[in-house]
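The structure under discussion appears below in the form of structure tokens.
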Amino acid sequence: MIRQSFTEQLDHDPDFEWRGHQVTRIENLSDIVFALAFSMMVTASDIPFTFQGIKTYLVSLVPISIAFAFMLSMWNRHFLFFRRYGLADNRIVWLNALLLLTILSIAYPMRFIFESLFAWILSLFGNSSVMQQIEVDTYRQAGEIIAYFGLIFAVLNTIQAQMYMHALTKSELLNLNALERAHTSSAIWAARIDVLVGLVCAGLAYFTILGPFAGFIINLAFPANWLIKRTILAPAREIQFADNKAG
């Protein structure tokens, strides 16, 4: 009993009552798919048998780690959604299936995107031989790679926005309080902003002279998300605190 209470305090985010207490078959399948995607990203290379091969592998761990972190952030969002809402109706099943299909489809491209951009950056500093198996010959190609990443970023966040919008329509059924509805709304707006940022990044990278440098636009998602949470969550927390104090 003590261990269960301790575990719940560790896993529980303080502003949200978790309604997904049991791991569903949807989550089991999702974890398997994410595990496959992680494995595909990390192991998608030949076993090195030469010094140059092991050197290339060790250097490639930098972009692979970045791609791994990006995928891990998607898994964490997925985990929080099902812990918070515990939804498993038809719409969530199909949206989740679409998300999993996208995750599996982008595993190899995501590794190539980050490896090729890293190889291109190294080539700017005269180290093109370190990752010579990656061929990104022109500034234009590097820009197209960033455009693909922007589109992937937009697609993933579009699906997640739809999942949170569905959760918000079920707020009465789930008995969400004002703060929990505010969290859900902020997640929707954050995902929408990410979609917009991804599309702008893709457009500028593909159609303008910014090319690969348009990738820095993705960083705008972080302050935008912080501002959304600050705008939506802060008033809701004050109201919740006042209600708890009055009660």
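With my numbering applied, the sequence shown covers 1448 to 1694.
Idealized CB from N, CA, C, for every residue including glycine.
query: Nearest to A1668 by alpha carbon, out of L1623, L1646, M1612 and L1571?; result: L1646
query: For A1535, which residues in the same chain have their Cβ closer than 6 angstroms to its Cβ, ignoring the five residues on either side in sequence?; result: T1471 and I1473
query: Do you know whose CA, among V1489, Y1532, H1525 and R1531, lies nearest I1513's CA?; result: V1489
query: Give me, in chain order, the residues of the same chain whose beta-carbon lies closer than 6 angstroms to that of L1657; leave out the 5 immediate sequence neighbours on both sides.; result: L1651
query: Using the rule of at least 16 other Cβ atoms within 10 Å of the residue's Cβ for burial, across every protein chain shown, is N1543 buried or exposed?; result: buried
query: Quick check: the segment 1632-1643 against the segment 1598-1614, are at least 3 beta-carbon pairs closer than 8 angstroms?; result: yes
query: Which residues in the same chain have their Cβ closer than 6 angstroms to the Cβ of E1627, if we skip the five residues on either side of it in sequence?; result: F1463
query: Below 9 angstroms between beta carbons: does that hold for I1553 and A1484?; result: yes
query: Do H1613 and R1677 come within 9 angstroms of each other at the CB atom, strictly closer than that value?; result: no
query: Could you check the C-alpha separation between T1585 and I1568 for me, to the nearest Å?; result: 12 angstroms
query: Going by beta carbon distance, what residues of the same chain come within less than 7 angstroms of F1600, once the five residues before and after it are set aside?; result: D1641, G1645 and I1665
query: Is it buried or exposed, F1453, if we count other Cβ atoms within 10 angstroms and call 16 or more buried?; result: Note that F1453 scores a pLDDT of 41, beneath 50, so its modelled location is shaky; the value from the coordinates is reported in the next line. Exposed, since its Cβ has fewer than 16 Cβ neighbours within 10 Å.
query: Please indicate yes or no: does the CB of I1560 lie closer than 8 angstroms to some heavy atom of the ligand HEM?; result: Looking for the ligand HEM in the displayed structure turns up nothing, as the structure carries no ligands at all.
query: From Q1451 to H1525, what distance separates their C-alpha atoms?; result: Its pLDDT being 46, under 50, Q1451 is placed unreliably in this model, and the coordinates cannot settle the point.
query: Considering Cα atoms alone, identify which of W1522, Y1555 and A1683 is closest to L1476.; result: W1522
query: Which class does P1670 belong to by DSSP, given the choice of helix, strand or coil?; result: helix
query: Could you compute how far the alpha carbon of Y1532 sits from the alpha carbon of R1587?; result: 44 angstroms
query: Just to check my reading of the structure: I1679 and S1633 have Cβ atoms closer than 8 angstroms, yes? What is that Cβ distance to the nearest angstrom?; result: 4 angstroms
query: Assuming D1478 is part of the alpha helix (DSSP H), what are its boundary residues?; result: R1472 to T1490
query: In angstroms with no decimal places, state the Cα-to-Cα distance between A1516 and P1556.; result: 15 angstroms
query: Look at the alpha carbon of F1660 and the alpha carbon of I1511, and state the distance between them as a whole number of angstroms.; result: 20 angstroms
query: Do you know whose CA, among D1478, F1496 and Y1595, lies nearest L1527's CA?; result: D1478
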